[in-house]
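The sequence shown begins at 0 in numbering that gives the first Met the number 0 and counts up one residue at a time.
Below is one structure, written out as structure tokens; comments come after it.
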Amino acid sequence: MVLTEIIPVPILPFPSDNTRREEGSELIFNGRVRGTEHGQDIMALDYEYYEGMAEQELQTLADKTVVKFPIQDLFCRHRVGRITIGETSLHVSIWSRHRKEGIEAMTYFIR
Numbered sequence: 000m001v002l003t004e005i006i007p008v009p010i011l012p013f014p015s016d017n018t019r020r021e022e023g024s025e026l027i028f029n030g031r032v033r034g035t036e037h038g039q040d041i042m043a044l045d046y047e048y049y050e051g052m053a054e055q056e057l058q059t060l061a062d063k064t065v066v067k068f069p070i071q072d073l074f075c076r077h078r079v080g081r082i083t084i085g086e087t088s089l090h091v092s093i094w095s096r097h098r099k100e101g102i103e104a105m106t107y108f109i110r
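Okay, here's the thing in structure tokens:
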């Protein structure tokens, strides 16, 4: 399954799923807002997007990832709007049978 969302509210991470019997790897990435950007102190980041296009691009990238790598599931949430220091702006979870393909898929997806 592939699930992608662009949301204007704080991201709550997908919970770990201990019921999976075929996936030996569960990778979780949380991208957070740092306190500096290009050497300058910041208070927050403002993410804007083109509604419709951004969702399609994110979904296309997710679809390409699951075709290119043997993974079972990919879930992604990307935040928009004002995001303050320490808040999560991007969450990605990937499940795969083995860690190698999961790590490769995660690297490809978040590059």
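Heads up, the beta-carbon is just placed ideally off N, CA and C, and yes, glycines get one too.
Predicted, not measured: the structure shown is a model, and the values here were computed from it.
When secondary structure is reduced to three states using DSSP, R98 falls in the helix class.
When the five nearest sequence neighbours on each side are left out, the beta carbons in the same chain lying within less than 7 angstroms of the beta carbon of K67 are those of Y107, in order along the chain. About 6 angstroms separates the Cβ atoms of V65 and V1, confirming a contact at the 8 angstroms cut-off. Contact check for L26 against I102 passes: the beta carbons are separated by less than 8 angstroms. Taking every protein chain shown into account, the CB of L73 has 16 or more other CB atoms within 10 angstroms, so this residue is buried.
By a beta-carbon distance limit of 8 angstroms, G30 does not contact I84. Their separation comes to about 13 angstroms. Per DSSP, the beta-bridge partners of N29 are H90.
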